[in-house]
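In the numbering used here, the protein residues as written are 359 to 661.
All residues carry an ideal CB built from backbone N, CA and C; glycine is no exception.
Shown next, in structure tokens, is the structure this report addresses.
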């Protein structure tokens, strides 16, 4: 199925769909689920220090019988327990039971301490030491990326961000900056419009396009994400859904399909922003009313 490899600026390639362990917790559950994903055909496993299941992912890798070179492994520096980048990468490769990871990310710009240039220099050392074949970031906005690029000897290969049609317009500056600097975008939570926010403007076009392709709305969302040039990181405990996600790689959306999804996503984004604004105004009004009530009670004047 054509979830093709995408070339990174590091010279390596990344599988364009990955199985994420963010929500899996720890224990036997994530071991079983990672094994299931590998058995289903996923060859890209995405974990992180803060997910606390690197060990489980490593166990699944070993029990799969696959060669190390057959699986692309991503983990992230999350600043867990206050550990620094050099210590964290050593712990991560040990937990995973590997000598290197294929991709190592700074999980958030707030973790780049004392500043982005200093933290990125430590990431470059991780790559130079052979502990990661490629390095990148996660949740960096365009300004964060610009600070990084201005000091970097090695460009980030990837920026992993929240990406789905209801946040597409908001994320466009990041996408444009990444495209300009040959940084691959990875998308997490691509299925939120159908899993967490159903009933919005996207429902109609997703259902119509899904019917046309004999597919499901979640498959259409993944096809849209692929059409935007992003690597998909997704998850499910159900093998049938994992198989469906792989099958979504065969779906080639037309320009009209993509435009319809973009338009509905933009409309939903505007509505969500309006709701947030109204909520803030309502809270402000309540606070103001409470303040006036308190002043009246204590016979105080605001003037």
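Check, Outcome
"For residue 378 and residue 589, believed in contact at Cβ under 8 Å, the rounded distance", "That belief does not hold up - the Cβ atoms of residue 589 and residue 378 are roughly 11 Å apart, past 8 Å."
"Residue from 401, 511, 363 with nearest C-alpha to residue 475", "511"
"The alpha helix (DSSP H) enclosing residue 460, as first and last residue numbers", "Note, residue 460: premise wrong, no alpha helix (DSSP H); beta strand (DSSP E) at 459-464."
"N- and C-terminal bounds of the beta strand (DSSP E) containing residue 544", "542-546"
"Cβ pair count under 8 Å reaching 3, the stretch 405-419 against the stretch 443-456", "yes"
"Proximal residues to residue 480 (C-beta, below 6 Å), its chain only, five neighbours per side dropped", "443"
"Cβ neighbour criterion (16 or more within 10 Å) applied to residue 387", "exposed"
"Proximity below 8 Å, CB of residue 516 to CB of residue 366", "yes"
"Residue 404: first and last residue of the uninterrupted alpha helix (DSSP H) it sits in", "Not the alpha helix (DSSP H): residue 404 falls in the beta strand (DSSP E), residues 402-404."
"Contact under 8 Å by Cβ, residue 372 with residue 364", "yes"
"Three CB pairs or more closer than 8 Å across the stretch 549-565 and the stretch 513-532", "yes"
"Pair within 8 Å by beta-carbon distance, residue 530 and residue 619", "no"
"Touching by the beta-carbon criterion (3+ pairs, under 8 Å), the stretch 420-438 and the stretch 559-576", "no"
"Length of the line joining the Cα atoms of residue 415 and residue 430", "12 Å"
"Best match in 503, 402, 583 for proximity to residue 532 [C-alpha to C-alpha]", "503"
"Where residue 411 falls, given that 16 or more other Cβ within 10 Å makes a residue buried", "buried"
"Integer Cβ distance of residue 472 from residue 497, believed to fall under 8 Å", "The Cβ separation is near 19 Å, so there is no contact."
"Cβ-based neighbour list, residue 426, same chain, cut-off 7 Å, excluding 5 preceding and 5 following", "456"
"Residues of its chain near residue 665, where Cβ-Cβ distance is below 7 Å and the 5 sequence neighbours each way are ignored", "Because residue 665 is not part of the residues shown, which for the chain are 359 to 661, the question remains open."
"N- and C-terminal bounds of the alpha helix (DSSP H) containing residue 526", "526-538"
"Test item: CB-CB of residue 392 and residue 432 under 8 Å", "no"
"Distance CB(residue 361)-CB(residue 587) smaller than 8 Å", "no"
"Nonlocal neighbours in the same chain, by C-beta distance under 6 Å from residue 413, ignoring five residues either side", "453"
"Completely contained beta strand (DSSP E) runs for the stretch 369-415, where each covers 3 or more residues", "371-373, 375-378, 402-404"
"Helix, strand or coil at residue 520 [DSSP, three-state]", "strand"
"Residue from 464, 571, 528 with nearest C-alpha to residue 627", "528"
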